[in-house]
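Enquirer: In this note's numbering, the protein residues as written are -4 to 208.
We put the CB at the ideal spot given by N, CA and C, even for glycine.
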Amino acid sequence: SHLGILGMPGYTAYHGMVRMGQPKAGETVFVSAATGAVGQLAGQLAKLRGARVVGCAGEDAKCAWAVDELGYDACFNHRKEAPGAALDRLCPKGIDVDFENAGGDIMHAVFARMNNHGRMVMCGAISEYQDATPRPGPDKMFSIIQKRLRIEGFIVSDFIAGMGEFVAEVGPLLAAGKIRHRETVVDGIEAAPAAFLGLLKGTNVGKLIVKVG
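So, in structure tokens, the structure goes:
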């Protein structure tokens, strides 16, 4: 499906995590929105490369699914625990790769805990999309220099020519049951507005699809 795990969301995870984040065995990787359409594959790709992977989600059940099914080493509920405290608890050695989907307070907490030569892959900032005015950036931006951080944003449609490599790796893993995923499907175009508002609030698991006709 173009909308699902072997479509644009999956390719977004692949390009951002594998090509930009370049996680290595033993590194700590953090994925915000760990159970979203992109995050659920991004975390699994980092695990396949031997990294320790920590995520966050907005419900206990989503966090449990991330650990039990997706193979995350840990996942915290950002609606219940302050991101800074959670990251200190779950990433005691700091963070080497951040796959950023949330923005806001979560991203600021991650930024403060990045290791030297860390990579921040800026994919999304869903917590900020409805803000009336832009939020300020994180404190101590000079640490980008001190820590030699690489912070890069991307839009996956710029890299569509490289999609074959993604399908060649992830397709067989999916067929073999080594990659897990979930989607949320709602019926009827009339359900779309409520579904979209739910997406912004995080009520969906994985890609949100509206079935028409």
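Can you tell me which of the three DSSP states CYS86 falls into?
Expert: coil
Enquirer: Would you grab the beta carbon distance between GLY16 and PHE94 for me? Rounded to a whole angstrom, and I think it's under 8 Å.
Expert: 6 Å
Enquirer: Roughly how many angstroms separate the alpha carbons of GLY89 and ARG108, rounded to a whole number?
Expert: 5 Å
Enquirer: May I ask you to report which of helix, strand or coil DSSP gives ASP91?
Expert: strand
Enquirer: With which residues is PHE71 paired in a DSSP beta bridge?
Expert: CYS51
Enquirer: Can you check the segment 110 to 180 for any alpha helix (DSSP H) of at least 4 residues that lies completely inside it and give the ranges in chain order?
Expert: Taking only runs of at least 4 residues, the alpha helix (DSSP H) segments lying wholly in the segment 110 to 180 are 138 to 141 and 158 to 170.
Enquirer: Who are the near neighbours of VAL165 in its chain, counting only those whose CB is closer than 7 Å to its CB and skipping five residues on each side?
Expert: LEU1, GLY5, TYR9 and ILE174, listed in sequence order.
Enquirer: Put VAL33 into one of helix, strand or coil per three-state DSSP.
Expert: coil
Enquirer: Does the beta-carbon of ALA104 have 16 or more other beta-carbons within 10 angstroms, so that it is buried, or is it exposed?
Expert: ALA104 comes out buried.
Enquirer: Is it the case that the segment 138 to 152 contacts the segment 120 to 128, given that we only count it when at least three CB pairs across the two stretches are under 8 Å?
Expert: no
Enquirer: Do VAL24 and ASP91 come within 8 Å of each other at the CB atom, strictly closer than that value?
Expert: yes
Enquirer: Would you please state the rounded distance, in angstroms, between the beta carbons of ALA52 and CYS70? I believe it to be under 8 Å.
Expert: 6 Å
Enquirer: Just how far apart, CA to CA, sit GLU54 and MET158?
Expert: Their backbone Cα atoms lie some 32 Å apart in a straight line.
Enquirer: Rounded to the nearest angstrom, how far is the Cβ of MET221 from that of ALA37, given a contact under 8 Å?
Expert: Because residue 221 is not part of the residues shown, which for the chain are -4 to 208, the question remains open.
Enquirer: Around the C-beta of HIS73, are 16 or more other C-beta atoms found within 10 angstroms, so that it is buried, or is it exposed?
Expert: buried
Enquirer: When we look at the beta-carbon of PHE161 and count the other beta-carbons within 10 Å, is it buried (16 or more) or exposed?
Expert: With 16 or more Cβ atoms within 10 Å of its Cβ, PHE161 is classed as buried.
Enquirer: Given a cut-off of 8 Å on the beta-carbon distance, is the pair ARG44 and ALA20 in contact?
Expert: yes
Enquirer: Give me the Cα-Cα distance between GLY79 and PRO129, rounded to the nearest whole angstrom.
Expert: 22 Å
Enquirer: If you check the beta carbons only, do VAL48 and ASP63 fall under 8 Å apart?
Expert: no
Enquirer: So is ALA61 buried or exposed if we call it buried at 16+ other beta carbons inside 10 Å?
Expert: It counts as buried.
Enquirer: Taking the alpha-carbon positions, what's the LYS142 to ASP153 distance?
Expert: 28 Å
Enquirer: Between the alpha carbons of THR30 and GLY50, how many angstroms are there, rounded?
Expert: The straight-line gap from Cα to Cα measures roughly 8 Å.
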